[in-house]
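All remarks here apply to the structure that follows.
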Amino acid sequence: MNAMKKLIVALACCASVPANAITLEEAVASAIDSYPTLQERFARLKSVEEQREVVTSEYLPQVSVRAEVGPEHTEYSSGQLLDEDLTRDQVSLSVSQLLFNGFDTRANSSRLEYEADSERLQLLAAAEDLALKVCQIYLEVRKAEELVELTERHVQGHMEILEDVKNLASRGFANEADIAQVSARLANARSSLVAARNNYNDLSATFQRFVGQRPANLRDPVTDPSLLPDSREQAIDWARQTHPQLQAAISDISAAKEEVRASQSGYYPRFSIEGYATSGHDIAGFEGRDEDYRVMLVMEYDLYSGGRDKALARTSNWRYNEALAIRNTTEQQLVEGTQFSWNAYNALQQQEQIEAQSVDASTLAETAYITQFKLGKRSLLDLLNAKVEVFVARKAYINTRYDQ
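The opening position of the sequence shown corresponds to residue 33 in the numbering used here, with each subsequent residue numbered one higher.
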């Protein structure tokens with residue numbers, strides 16, 4: 033979804049409508065509250081946040097306890113013969129505190145923080161996309177309602193003409209061909225009405241899928257054009273600064289940087305402090321109490337890992353390059369989409385003015401043709417064509433007004 037459409041949708045949500053109507057804000061809120069795609073994105077966000085909690089747990093001491101009891105047979109000879117069967121019991125407590133692991137924990141914690149930020153922004157982008165979709169459906173339903181009303185008036189107009197022609201035929205001023213001609217136009221108008229109503233019903237079903245209820249008493253939202261950007265350049269700047277998908281791509285770059293740092297942790301030794309205490313009885317064939325306590329500084333260092341660390345570093349670097357490319361692609365698509373929307377918005381503004389003039393002119397022509405037809409100065413075909421021109425002009429105007 034491009035930035036211009038998002039901004040127009042946001043402005044549309046400022047509309048004021050009657051309390052008994054389904055407002056645009058209510059429709060959007062209902063969809064956001066229950067739509068499965070957003071629930072999926074939210075669950076993904078919470079999952080990443082919990083993953084960060086897992087990683088940061090490495091900053092804290094790790095404590096474990098072990099208890100054991102059971103029969104033990106010991107037999108060996110080392111200066112003296114020993115052959116004992118005892119019931120051994122032992123309790124052990126171990127405590128370890130990580131001191132240094134090559135910045136792996138810090139890098140992974142930062143990576144997941146950036147990934148969570150990216151997921152949050154993508155959730156926002158998905159919500160905006162859904163809001164735009166609901167707004168589009170809302171306006172499509174309103175447009176369909178107007179087109180049904182317009183087509184109903186079109187049918188009614190042809191029915192009135194048919195009655196007039198039948199009256200003229202009864203007095204000898206029209207013939208069966210005239211009646212057939214009007215009847216054919218009326219049938220065509222009724223067919224258009226069936227199609228318009230079917231389109232409205234289809235859109236109502238889509239509206240219900242997103243909003244959870246059938247459309248009722250919808251009203252046209254009122255926007256404030258003064259809040260729109262003044263130029264194409266300003267629209268692009270706004271999009272670059274605020275578009276959540278672009279911001280998410282930037283967060284993904286930062287996450288990839290931290291992944292590169294984490295992949296280099298294998299080049300460093302690992303230091304920790306480990307404490308161990310054990311107490312038991314009748315251990316290793318010797319009766320009596322046995323206790324052992326120790327605290328140690330432990331260093332672990334991989335001298336050779338089969339090239340694993342270098343491969344991990346190369347993998348992370350390629351993922352960083354991938355994140356950079358995705359960010360650039362996202363920005364290009366964003367700029368292109370904003371330009372398309374800006375061009376379309378301006379073109380539709382001009383087109384709306386032209387089609388409004390067309391409606392006015394064709395309506396005046398229709399009124400004049402009706403008068404002239406009654407005076408016998410216009411043919412029935414002229415009148416029917418004028419009716420169709422008004423219908424087509426008004427339909428085009430409605431389409432353009434809602435497309436804008």
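Heads up, the beta-carbon is just placed ideally off N, CA and C, and yes, glycines get one too. All figures in this text were calculated on a predicted structure; none of them were measured in a lab.
Could you tell me the boundaries of the beta strand (DSSP E) in which residue 434 lies?
In this chain, residue 434 is not harboured by any beta strand (DSSP E); it is covered by the alpha helix (DSSP H) spanning 412–435.
Can you say whether residue 375 is buried or exposed, counting buried as having 16 or more other CB atoms within 10 angstroms of its CB?
Label assigned to residue 375: exposed.
Buried versus exposed call for residue 183 [16 or more other C-beta atoms within 10 Å across all chains shown]:
Only buried fits residue 183, as 16 or more other CB atoms lie within 10 angstroms of its CB.
State buried or exposed for residue 51, treating a residue as buried only when at least 16 other CB atoms are found within 10 Å of its CB.
Confidence at residue 51 is low in this model, with a pLDDT of 38, below 50, so its placement is unreliable and no value can be given for it.
Report the three-state DSSP secondary structure of residue 254 (helix, strand or coil).
Of the three classes helix, strand and coil, the one that applies to residue 254 here is coil, per DSSP.
Flag this pair as yes or no: are the beta carbons of residue 214 and residue 190 separated by less than 8 Å?
Yes. Within cutoff.
Can you confirm whether residue 356, when its beta carbon is compared against all beta carbons of chain D, has any partner nearer than 8 Å?
Annotation note: the requested chain D is absent from the structure, which comprises a single protein chain.
Counting along the chain, where does the alpha helix (DSSP H) carrying residue 239 start and finish?
From DSSP, the alpha helix (DSSP H) with residue 239 extends over 208–243.
Give the DSSP-derived three-state secondary structure of residue 103 in the structure shown.
Looking at residue 103 - three-state DSSP - the assignment turns out to be strand.
Please say whether residue 153 and residue 257 have beta carbons closer to each other than 8 Å?
No, the Cβ-Cβ distance between residue 257 and residue 153 is not below 8 Å.
With a threshold of 16 other CB atoms inside 10 Å of the CB of residue 406, please say whether the residue is buried or exposed.
With fewer than 16 other Cβ atoms within 10 Å, it is exposed.
N-terminal and C-terminal residue of the alpha helix (DSSP H) that residue 294 is part of:
Boundaries of the alpha helix (DSSP H) around residue 294: 276–295.
Can you tell me the Cα-Cα spacing of residue 199 and residue 206, whole angstroms?
Cα to Cα, residue 199 sits roughly 8 Å from residue 206.
CA-CA distance, residue 63 and residue 174?
Cα to Cα, residue 63 sits roughly 18 Å from residue 174.
Residue 260 in three-state terms, based on DSSP
The answer is coil: DSSP assigns residue 260 none of H, G, I, E or B.
Need the endpoints of the alpha helix (DSSP H) that residue 138 sits in, please.
Counting along the chain, the unbroken alpha helix (DSSP H) around residue 138 starts and ends at 136–202.
Helix, strand or coil, according to DSSP, for residue 55 in the structure here?
Coil at residue 55, not helix or strand.
Restricting to Cα atoms, I'd like to know which of 127, 75, 65 is closest to residue 329.
Of the listed residues, the one whose Cα sits closest to residue 329 is 127.
Relative to the C-alpha of residue 129, which candidate in 178, 308, 192 has its C-alpha closest?
Residue 129 has its Cα closest to that of 308, out of 178, 308, 192.
In whole angstroms, what separates the C-alpha of residue 343 from that of residue 380?
When rounded, the distance between both Cα atoms is 55 Å.
Bridge-paired residues (DSSP) for residue 13
Only positions 33 to 436 of the chain appear in this structure, which leaves residue 13 out of reach.
For residue 56 and residue 239, I'd like the C-alpha separation in whole angstroms.
Looking at the two C-alpha atoms, the distance is approximately 12 Å.
So what does residue 322 bridge to, in DSSP terms?
Beta-bridge annotation (DSSP): residue 322 is paired with 312.
Expected contact under 8 Å - CB spacing of residue 367 and residue 430 to nearest Å:
That belief does not hold up - the Cβ atoms of residue 367 and residue 430 are roughly 32 Å apart, past 8 Å.
Starting from the C-beta of residue 231, find all residues in its chain whose C-beta is less than 8 Å away, skip the five residues before and the five after it, and write them out in chain order.
Answer for residue 231: 176, 179, listed in chain order.
Relative to the C-alpha of residue 282, which residue among 315, 117, 208, 353 is closest?
Ranked by Cα distance from residue 282, the first of 315, 117, 208, 353 is 353.
So residue 120 and residue 312 are supposed to be a Cβ contact under 8 Å. How far apart are they, rounded?
Yes, residue 120 and residue 312 are in contact; Cβ-Cβ is about 7 Å, under 8 Å.
Output the distance between the C-alpha atoms of residue 73 and residue 84, rounded to the nearest integer angstrom.
Rounded to whole angstroms, the gap between the alpha carbons of residue 73 and residue 84 is 17 Å.
Can you tell me which of the three DSSP states residue 108 falls into?
Three-state DSSP puts residue 108 in a strand.
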